[in-house]
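One structure is given here, and the rest of the page talks about it.
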Amino acid sequence: MILADKIIDLRKKAGWSQEELADKLGVSRQSVSKWEGAQSIPDMNKILQLSELFGVSTDYLLKDSLEAPEPLTAPEDADTEGATFVSMEEANAFLNYKTESASRLALGVLLCILSPVTLLLLGGAQESGRLPLTELQAAMIGLIVLLLLVAGAVLLFVLTGMRGNKYDYMEKEALDTAYGVSGMVRERMQREESDHTRNIAVGVVLCVLAAIPLFVLILWQGVDEFYGALGVAAIMALAAVGVYILVKASVPWEGYQALLEQGDYTRARKRNNRKYSGIYWGIVVAAYLAVSFLTNRWDMTWIIWPVAAVLFGVVGEIGKLKEK
(Lines of atoms letter the chains of each structure in order from A and count residues from 1; the text may use other names and numbers.)
(Lines give C-alpha, C1' and ligand atoms only; values in the text may rest on other atoms or scores of the structure.)
Protein backbone atom coordinates (compact mmCIF):
# COMPACT_ATOMS: atom_id res chain seq x y z
CA MET A 1 0.00 0.00 0.00
CA ILE A 2 1.46 3.35 -1.04
CA LEU A 3 1.42 6.51 1.06
CA ALA A 4 -1.54 8.01 -0.84
CA ASP A 5 -3.77 5.03 -0.06
CA LYS A 6 -2.58 4.92 3.56
CA ILE A 7 -3.63 8.55 4.07
CA ILE A 8 -7.04 7.81 2.52
CA ASP A 9 -7.48 4.68 4.64
CA LEU A 10 -6.46 6.36 7.90
CA ARG A 11 -8.57 9.45 7.23
CA LYS A 12 -11.67 7.38 6.53
CA LYS A 13 -11.14 5.23 9.60
CA ALA A 14 -10.93 8.43 11.63
CA GLY A 15 -14.18 9.60 10.08
CA TRP A 16 -12.72 12.85 8.74
CA SER A 17 -13.34 14.62 5.45
CA GLN A 18 -10.47 16.03 3.41
CA GLU A 19 -11.40 19.49 4.70
CA GLU A 20 -11.25 18.31 8.31
CA LEU A 21 -7.87 16.65 7.87
CA ALA A 22 -6.55 19.76 6.12
CA ASP A 23 -7.69 21.94 9.03
CA LYS A 24 -5.91 19.70 11.53
CA LEU A 25 -2.68 19.85 9.51
CA GLY A 26 -2.88 23.56 8.67
CA VAL A 27 -2.90 22.97 4.90
CA SER A 28 -5.44 23.44 2.11
CA ARG A 29 -7.94 20.78 1.08
CA GLN A 30 -6.29 20.75 -2.34
CA SER A 31 -3.01 19.69 -0.72
CA VAL A 32 -4.68 16.72 0.96
CA SER A 33 -6.42 15.85 -2.32
CA LYS A 34 -3.07 15.84 -4.14
CA TRP A 35 -1.52 13.62 -1.48
CA GLU A 36 -4.37 11.14 -1.75
CA GLY A 37 -4.22 11.25 -5.55
CA ALA A 38 -0.47 10.52 -5.47
CA GLN A 39 0.14 13.82 -7.26
CA SER A 40 2.46 15.11 -4.54
CA ILE A 41 4.07 13.92 -1.30
CA PRO A 42 3.84 15.68 2.08
CA ASP A 43 7.09 17.02 3.48
CA MET A 44 8.71 15.44 6.53
CA ASN A 45 7.05 17.85 8.97
CA LYS A 46 3.64 16.87 7.63
CA ILE A 47 4.60 13.18 7.77
CA LEU A 48 5.38 13.64 11.48
CA GLN A 49 2.06 15.43 11.99
CA LEU A 50 0.21 12.64 10.19
CA SER A 51 1.98 10.08 12.34
CA GLU A 52 0.90 11.83 15.55
CA LEU A 53 -2.59 12.58 14.28
CA PHE A 54 -3.40 9.01 13.21
CA GLY A 55 -1.41 7.32 15.96
CA VAL A 56 0.82 5.29 13.62
CA SER A 57 4.59 5.20 13.13
CA THR A 58 6.39 7.16 10.44
CA ASP A 59 7.84 3.84 9.23
CA TYR A 60 4.34 2.63 8.43
CA LEU A 61 3.58 5.78 6.47
CA LEU A 62 6.85 5.82 4.50
CA LYS A 63 7.31 2.11 3.77
CA ASP A 64 5.06 0.33 1.27
CA SER A 65 3.71 -2.04 3.89
CA LEU A 66 0.72 -4.14 2.86
CA GLU A 67 -0.76 -4.50 6.32
CA ALA A 68 -1.50 -1.68 8.73
CA PRO A 69 -0.05 -2.10 12.23
CA GLU A 70 -2.08 -1.61 15.33
CA PRO A 71 -2.35 2.14 16.04
CA LEU A 72 0.14 3.42 18.61
CA THR A 73 -2.64 5.60 20.02
CA ALA A 74 -6.24 6.13 19.11
CA PRO A 75 -6.57 9.01 16.63
CA GLU A 76 -8.16 12.11 18.09
CA ASP A 77 -11.89 12.42 17.16
CA ALA A 78 -11.72 9.04 15.40
CA ASP A 79 -14.95 7.36 14.38
CA THR A 80 -14.83 3.92 15.96
CA GLU A 81 -17.92 2.59 14.25
CA GLY A 82 -17.30 -0.41 11.98
CA ALA A 83 -17.01 0.45 8.29
CA THR A 84 -18.51 -1.65 5.51
CA PHE A 85 -15.93 -3.16 3.17
CA VAL A 86 -16.37 -2.35 -0.54
CA SER A 87 -14.50 -4.44 -3.11
CA MET A 88 -13.40 -3.20 -6.53
CA GLU A 89 -16.14 -5.27 -8.16
CA GLU A 90 -18.82 -3.77 -5.90
CA ALA A 91 -17.52 -0.25 -6.50
CA ASN A 92 -17.65 -0.68 -10.28
CA ALA A 93 -21.14 -2.19 -10.13
CA PHE A 94 -22.34 0.74 -8.02
CA LEU A 95 -20.86 3.33 -10.39
CA ASN A 96 -22.39 1.54 -13.40
CA TYR A 97 -25.77 1.57 -11.66
CA LYS A 98 -25.50 5.31 -10.96
CA THR A 99 -24.63 5.99 -14.60
CA GLU A 100 -27.48 3.84 -15.92
CA SER A 101 -30.04 5.19 -13.45
CA ALA A 102 -29.17 8.83 -14.18
CA SER A 103 -31.08 8.85 -17.48
CA ARG A 104 -34.15 7.17 -15.96
CA LEU A 105 -34.30 9.51 -12.98
CA ALA A 106 -33.75 12.55 -15.20
CA LEU A 107 -36.54 11.38 -17.54
CA GLY A 108 -38.87 10.89 -14.57
CA VAL A 109 -38.26 14.44 -13.35
CA LEU A 110 -38.75 15.78 -16.89
CA LEU A 111 -42.10 13.98 -17.17
CA CYS A 112 -43.26 15.44 -13.83
CA ILE A 113 -42.43 18.98 -14.93
CA LEU A 114 -44.06 18.54 -18.36
CA SER A 115 -47.15 16.76 -17.03
CA PRO A 116 -49.43 19.86 -16.88
CA VAL A 117 -48.38 21.26 -20.28
CA THR A 118 -51.22 19.58 -22.22
CA LEU A 119 -53.75 20.77 -19.65
CA LEU A 120 -52.48 24.35 -19.95
CA LEU A 121 -52.45 24.36 -23.75
CA LEU A 122 -55.91 22.82 -24.09
CA GLY A 123 -57.32 25.21 -21.49
CA GLY A 124 -55.83 28.24 -23.25
CA ALA A 125 -56.96 27.06 -26.69
CA GLN A 126 -60.49 26.35 -25.44
CA GLU A 127 -60.87 29.73 -23.71
CA SER A 128 -59.64 31.59 -26.79
CA GLY A 129 -62.04 29.69 -29.06
CA ARG A 130 -59.29 27.91 -31.00
CA LEU A 131 -60.59 24.43 -30.12
CA PRO A 132 -64.19 23.17 -30.45
CA LEU A 133 -64.14 21.67 -26.94
CA THR A 134 -66.08 22.43 -23.82
CA GLU A 135 -64.17 23.52 -20.72
CA LEU A 136 -64.88 20.16 -19.10
CA GLN A 137 -63.63 18.20 -22.14
CA ALA A 138 -60.41 20.20 -22.32
CA ALA A 139 -59.83 19.74 -18.60
CA MET A 140 -60.51 15.99 -18.70
CA ILE A 141 -58.17 15.36 -21.65
CA GLY A 142 -55.46 17.45 -20.01
CA LEU A 143 -55.84 15.65 -16.69
CA ILE A 144 -55.66 12.23 -18.35
CA VAL A 145 -52.38 13.15 -20.05
CA LEU A 146 -51.09 14.65 -16.78
CA LEU A 147 -51.86 11.50 -14.80
CA LEU A 148 -50.33 9.26 -17.47
CA LEU A 149 -47.08 11.26 -17.43
CA VAL A 150 -46.94 11.32 -13.61
CA ALA A 151 -47.64 7.58 -13.50
CA GLY A 152 -44.80 6.97 -15.97
CA ALA A 153 -42.48 9.10 -13.85
CA VAL A 154 -43.44 7.28 -10.65
CA LEU A 155 -42.86 3.93 -12.39
CA LEU A 156 -39.37 5.04 -13.41
CA PHE A 157 -38.60 6.21 -9.86
CA VAL A 158 -39.88 3.00 -8.27
CA LEU A 159 -38.09 0.62 -10.67
CA THR A 160 -34.83 2.56 -10.38
CA GLY A 161 -35.13 2.64 -6.60
CA MET A 162 -35.79 -1.11 -6.40
CA ARG A 163 -32.73 -1.86 -8.51
CA GLY A 164 -30.62 0.39 -6.30
CA ASN A 165 -31.77 -0.95 -2.93
CA LYS A 166 -28.75 -3.24 -2.72
CA TYR A 167 -26.45 -0.22 -2.97
CA ASP A 168 -28.13 1.85 -0.24
CA TYR A 169 -25.29 1.16 2.19
CA MET A 170 -22.84 2.94 -0.14
CA GLU A 171 -24.58 6.25 0.53
CA LYS A 172 -25.57 5.70 4.17
CA GLU A 173 -22.79 3.79 5.92
CA ALA A 174 -19.10 4.37 6.61
CA LEU A 175 -17.04 2.64 3.90
CA ASP A 176 -13.73 0.81 3.91
CA THR A 177 -12.80 0.55 0.23
CA ALA A 178 -10.43 -2.08 -1.16
CA TYR A 179 -6.96 -1.15 -2.34
CA GLY A 180 -7.12 0.70 -5.67
CA VAL A 181 -10.79 1.73 -5.44
CA SER A 182 -10.07 5.33 -4.45
CA GLY A 183 -7.54 5.72 -7.24
CA MET A 184 -9.98 4.26 -9.80
CA VAL A 185 -12.75 6.63 -8.68
CA ARG A 186 -10.47 9.68 -8.78
CA GLU A 187 -9.28 8.75 -12.25
CA ARG A 188 -12.88 8.53 -13.51
CA MET A 189 -13.76 11.82 -11.83
CA GLN A 190 -10.82 13.58 -13.46
CA ARG A 191 -11.76 12.13 -16.85
CA GLU A 192 -15.37 13.33 -16.57
CA GLU A 193 -14.88 16.57 -14.65
CA SER A 194 -14.97 18.89 -17.67
CA ASP A 195 -18.14 17.27 -19.06
CA HIS A 196 -19.77 17.40 -15.63
CA THR A 197 -18.97 21.09 -15.18
CA ARG A 198 -20.20 21.95 -18.68
CA ASN A 199 -23.49 20.06 -18.25
CA ILE A 200 -24.18 21.68 -14.89
CA ALA A 201 -23.58 25.11 -16.43
CA VAL A 202 -25.86 24.36 -19.42
CA GLY A 203 -28.64 23.08 -17.15
CA VAL A 204 -28.50 26.13 -14.89
CA VAL A 205 -28.49 28.53 -17.87
CA LEU A 206 -31.54 26.84 -19.42
CA CYS A 207 -33.45 27.12 -16.13
CA VAL A 208 -32.51 30.81 -15.81
CA LEU A 209 -33.48 31.64 -19.40
CA ALA A 210 -36.69 29.60 -19.36
CA ALA A 211 -38.94 32.67 -18.88
CA ILE A 212 -37.77 34.43 -22.07
CA PRO A 213 -40.29 32.71 -24.42
CA LEU A 214 -43.22 33.99 -22.32
CA PHE A 215 -41.95 37.57 -22.51
CA VAL A 216 -41.39 37.28 -26.27
CA LEU A 217 -44.91 35.94 -26.87
CA ILE A 218 -46.47 38.68 -24.74
CA LEU A 219 -44.55 41.38 -26.61
CA TRP A 220 -45.39 39.80 -29.94
CA GLN A 221 -49.03 38.82 -29.47
CA GLY A 222 -50.09 40.82 -26.39
CA VAL A 223 -52.04 39.39 -23.45
CA ASP A 224 -54.02 36.44 -24.82
CA GLU A 225 -55.18 33.27 -23.04
CA PHE A 226 -53.73 30.91 -25.63
CA TYR A 227 -50.39 32.66 -26.06
CA GLY A 228 -50.10 33.04 -22.30
CA ALA A 229 -50.57 29.28 -21.91
CA LEU A 230 -48.11 28.68 -24.76
CA GLY A 231 -45.54 30.90 -23.03
CA VAL A 232 -45.92 29.07 -19.73
CA ALA A 233 -45.65 25.74 -21.56
CA ALA A 234 -42.40 26.95 -23.16
CA ILE A 235 -41.09 27.95 -19.71
CA MET A 236 -41.84 24.50 -18.36
CA ALA A 237 -40.32 22.78 -21.40
CA LEU A 238 -37.03 24.69 -21.14
CA ALA A 239 -36.93 24.22 -17.36
CA ALA A 240 -37.63 20.51 -17.82
CA VAL A 241 -34.73 20.14 -20.27
CA GLY A 242 -32.46 22.10 -17.94
CA VAL A 243 -33.38 19.98 -14.92
CA TYR A 244 -33.00 16.81 -17.03
CA ILE A 245 -29.41 17.80 -17.85
CA LEU A 246 -28.69 18.70 -14.21
CA VAL A 247 -30.02 15.41 -12.85
CA LYS A 248 -28.27 13.32 -15.50
CA ALA A 249 -24.97 15.05 -14.71
CA SER A 250 -25.35 14.99 -10.93
CA VAL A 251 -26.35 11.36 -10.25
CA PRO A 252 -23.09 9.69 -11.46
CA TRP A 253 -21.06 12.41 -9.70
CA GLU A 254 -22.85 11.58 -6.45
CA GLY A 255 -21.69 7.98 -6.90
CA TYR A 256 -18.06 9.11 -7.02
CA GLN A 257 -18.52 11.27 -3.92
CA ALA A 258 -20.22 8.43 -2.04
CA LEU A 259 -17.29 6.06 -2.60
CA LEU A 260 -14.73 8.73 -1.69
CA GLU A 261 -16.91 9.94 1.23
CA GLN A 262 -16.71 13.53 0.07
CA GLY A 263 -19.18 16.38 -0.39
CA ASP A 264 -22.63 15.36 0.83
CA TYR A 265 -21.37 11.85 1.64
CA THR A 266 -18.84 12.44 4.42
CA ARG A 267 -19.41 10.23 7.43
CA ALA A 268 -20.68 13.20 9.39
CA ARG A 269 -23.22 14.03 6.68
CA LYS A 270 -24.34 10.41 6.48
CA ARG A 271 -25.16 10.58 10.16
CA ASN A 272 -26.98 13.89 9.67
CA ASN A 273 -30.41 12.52 8.81
CA ARG A 274 -29.95 11.86 5.10
CA LYS A 275 -33.00 9.60 5.27
CA TYR A 276 -35.23 12.67 5.50
CA SER A 277 -34.45 13.83 1.95
CA GLY A 278 -36.80 11.19 0.52
CA ILE A 279 -39.57 12.33 2.87
CA TYR A 280 -38.93 15.95 1.90
CA TRP A 281 -39.35 15.37 -1.84
CA GLY A 282 -42.36 13.13 -1.25
CA ILE A 283 -44.04 16.01 0.58
CA VAL A 284 -43.09 18.41 -2.23
CA VAL A 285 -44.72 16.17 -4.86
CA ALA A 286 -47.86 15.77 -2.74
CA ALA A 287 -48.05 19.53 -2.11
CA TYR A 288 -47.59 20.32 -5.82
CA LEU A 289 -50.39 17.99 -6.91
CA ALA A 290 -52.74 18.98 -4.08
CA VAL A 291 -52.35 22.75 -4.61
CA SER A 292 -52.58 22.40 -8.39
CA PHE A 293 -55.77 20.32 -8.31
CA LEU A 294 -57.43 22.51 -5.67
CA THR A 295 -56.62 25.84 -7.33
CA ASN A 296 -56.52 24.63 -10.96
CA ARG A 297 -53.67 27.12 -11.48
CA TRP A 298 -51.19 24.84 -13.20
CA ASP A 299 -49.76 27.90 -14.88
CA MET A 300 -48.58 29.15 -11.47
CA THR A 301 -48.03 26.14 -9.21
CA TRP A 302 -44.94 24.98 -11.13
CA ILE A 303 -43.06 27.58 -9.08
CA ILE A 304 -43.21 25.08 -6.18
CA TRP A 305 -40.38 23.08 -7.81
CA PRO A 306 -37.65 25.75 -7.99
CA VAL A 307 -38.65 27.06 -4.55
CA ALA A 308 -38.43 23.54 -3.09
CA ALA A 309 -35.03 23.00 -4.73
CA VAL A 310 -33.68 26.26 -3.28
CA LEU A 311 -35.02 25.44 0.19
CA PHE A 312 -33.47 21.97 0.03
CA GLY A 313 -30.11 23.53 -0.81
CA VAL A 314 -30.46 26.05 2.02
CA VAL A 315 -31.25 23.28 4.50
CA GLY A 316 -28.18 21.36 3.29
CA GLU A 317 -25.93 24.39 3.76
CA ILE A 318 -27.34 24.97 7.25
CA GLY A 319 -26.51 21.35 8.05
CA LYS A 320 -22.92 21.86 6.89
CA LEU A 321 -22.57 24.99 9.05
CA LYS A 322 -23.89 23.12 12.08
CA GLU A 323 -21.32 20.36 11.49
CA LYS A 324 -18.50 22.91 11.34
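Numbering (this note's numbering), first residue to last: 741 to 1064.
For each residue, glycine too, the CB sits at the ideal point set by N, CA and C.
Bear in mind that the values here come from a model prediction, so they are computed numbers and not experimental data.
If you follow the beta strand (DSSP E) that Val826 is part of, which residue opens it and which one closes it? For this step, residue 826 is matched to residue 86 along the sequence shown. Looking at the DSSP string, the run of the beta strand (DSSP E) that includes Val826 is 824–826.
Could you name the residues that DSSP lists as bridge partners for Leu915? Stepping through the sequence shown from its first residue, residue 915 is reached at position 175. For Leu915, which the question treats as bridged, DSSP gives the partners Thr824.
I'd like the list of long-range same chain contacts for Leu871, defined as Cβ closer than 8 Å, with 5 residues on each side in sequence excluded. As a first step, residue 871 is located in the sequence shown; it is residue number 131 there, counting from the start. Taken in chain order, the residues that qualify are Leu862, Ala865, Ala878.
Inspect the CB distances between the stretch 992–1008 and the stretch 756–768 and report whether three or more fall short of 8 Å. Result yes; three or more Cβ-Cβ pairs closer than 8 Å.
Tell whether a beta-carbon distance below 8 Å holds between Ile742 and Ala778. On the sequence shown, position 2 is the one that residue 742 refers to. On the sequence shown, position 38 is the one that residue 778 refers to. With contacts defined as CB atoms closer than 8 Å, Ile742 and Ala778 qualify as a contacting pair.
Excluding sequence positions up to five away, which residues of its chain have a Cβ less than 8 Å from the Cβ of Val885? Against the sequence shown, residue 885 aligns to sequence position 145. Contacts found: Ser855, Thr858, Leu859.
Under 8 Å by Cβ, that's how I've got Leu801 and Lys746 pegged, so tell me the actual separation to the nearest angstrom. In the sequence shown, counting from the first residue as 1, residue 801 sits at position 61. In the sequence shown, counting from the first residue as 1, residue 746 sits at position 6. Yes, they are in contact, since the Cβ atoms of Leu801 and Lys746 sit about 6 Å apart, within 8 Å.
Considering only the alpha carbon of each residue, which of Gln770, Glu776, Ala950 lies closest to Val921? Taking the first residue of the sequence shown as 1, we reach residue 921 at position 181. Selected option, being the one with the closest Cα: Glu776.
Tell me the start and end of each unbroken alpha helix (DSSP H) in the stretch 891–968 that is at least 4 residues and wholly inside, in chain order. Taking only runs of at least 4 residues, the alpha helix (DSSP H) segments lying wholly in the stretch 891–968 are 908–912, 921–949, 952–961.
What does the Cβ neighbour count give for Lys906, buried or exposed, with the cut at 16 atoms within 10 Å? Sequence index remark: in the sequence shown, residue 906 carries index 166 (1-based). Note on Lys906: under 16 other CB atoms within 10 angstroms of its CB, so exposed under the neighbour-count rule.
Under the three-state DSSP convention, the category Pro992 falls into: Sequence index remark: in the sequence shown, residue 992 carries index 252 (1-based). Residue state, collapsed to three classes: helix.
Can you say whether Met929 is buried or exposed, counting buried as having 16 or more other CB atoms within 10 angstroms of its CB? On the sequence shown, position 189 is the one that residue 929 refers to. Answer is buried; the Cβ neighbour count reaches 16.
With H, G and I counted as helix, E and B as strand and the rest as coil, what does DSSP make of Ser868? The residue labelled residue 868 in the question sits at position 128 within the sequence shown. The answer is coil: DSSP assigns Ser868 none of H, G, I, E or B.
Under the assumption that Cys947 contacts Val983 (Cβ atoms under 8 Å), give the Cβ distance between them as a whole number of angstroms. As a position in the sequence shown, residue 947 is number 207, starting the count at 1. As a position in the sequence shown, residue 983 is number 243, starting the count at 1. Confirmed, Cβ separation roughly 7 Å.
How many Å lie between Ala918 and Ala891 at the Cα? In the sequence shown, counting from the first residue as 1, residue 918 sits at position 178. In the sequence shown, counting from the first residue as 1, residue 891 sits at position 151. Rounded to whole angstroms, the separation of the alpha carbons of Ala891 and Ala918 is 40 Å.
Start-to-end residues for the alpha helix (DSSP H) that takes in Ser771: Within the sequence shown, residue 771 is the residue found at index 31, counting from 1. Residues 769–776.
Between which two residues does the alpha helix (DSSP H) containing Ile748 stretch? Position 8 of the sequence shown, counted from the start, is the residue given in the question as residue 748. Looking at the DSSP string, the run of the alpha helix (DSSP H) that includes Ile748 is 743–754.
Return helix, strand or coil for Tyr800, following the three-state DSSP convention. In the sequence shown, the residue the question calls residue 800 occupies position 60. Tyr800 falls in the helix class under three-state DSSP.
Judging by CA-CA distance, which residue of Lys752, Leu1000, Arg769, Thr937 is the nearest neighbour of Gly923? Here residue 923 corresponds to residue number 183 of the sequence shown, with the count starting at 1. Closest option to Gly923, judged by alpha-carbon separation, among Lys752, Leu1000, Arg769, Thr937: Leu1000.
Our contact map puts Gly943 next to Ile985 with C-beta atoms below 8 Å; I'd like the distance itself, whole angstroms only. Locating residue 943 in the sequence shown gives position 203, where the first residue counts as 1. Locating residue 985 in the sequence shown gives position 245, where the first residue counts as 1. For a cut-off of 8 Å, the C-beta gap from Gly943 to Ile985 is around 4 Å, short enough to register as a contact.
CB-CB length for Gly995 against Lys838, believed under 8 Å: Along the sequence shown, one-based indexing puts residue 995 at 255. Along the sequence shown, one-based indexing puts residue 838 at 98. With 8 Å as the limit, Gly995 and Lys838 qualify as a contact, their Cβ atoms being about 3 Å apart.
Span of the alpha helix (DSSP H) holding Ser791? Residue mapping note: residue 791 aligns to position 51 of the sequence shown, counting from 1. 784–794 is the extent of the alpha helix (DSSP H) around Ser791.
Report all residues from its chain with a CB closer than 8 Å to the CB of Val894; omit the five preceding and five following residues, and keep chain order. Looking up residue 894 in the sequence shown gives position 154. Cβ contact annotation for Val894 (same chain, cutoff 8 Å, sequence separation greater than five): Gly848, in chain order.
Helix, strand or coil at Thr858 according to DSSP, with G and I counted as helix: Indexing the sequence shown from 1 puts residue 858 at position 118. Residue state, collapsed to three classes: helix.
For Glu1001, which of helix, strand or coil comes out of DSSP? Counted from its first residue, the sequence shown places residue 1001 at position 261. Glu1001: coil per DSSP, three-state reduction.
Can you tell me which of the three DSSP states Thr874 falls into? Residue 874 sits at position 134 when you count from the first residue of the sequence shown. Of the three classes helix, strand and coil, the one that applies to Thr874 here is coil, per DSSP.
Cβ pair Val772, Asp916 closer than 8 Å: If you number the sequence shown from 1, residue 772 lands on position 32. If you number the sequence shown from 1, residue 916 lands on position 176. Not in contact: Val772 and Asp916 (Cβ atoms no closer than 8 Å).
Starting from Gln779 and walking both ways along the alpha helix (DSSP H), at which residues does that stretch end? To locate residue 779, count along the sequence shown from 1; it is residue 39. Per DSSP, Gln779 belongs to no alpha helix (DSSP H) and is neither H nor E.
Tell me whether Ile1043 sits in a helix, a strand or coil according to DSSP, three-state version. Locating residue 1043 in the sequence shown gives position 303, where the first residue counts as 1. The three-state secondary structure of Ile1043, taken from DSSP, is coil.
Buried or exposed: where does Glu927 fall if 16 or more other Cβ atoms within 10 Å of its Cβ makes it buried? Within the sequence shown, numbered from 1, the residue matching residue 927 stands at position 187. By the neighbour-count criterion, in which 16 or more other beta carbons inside 10 Å mark a residue as buried, Glu927 falls on the exposed side.
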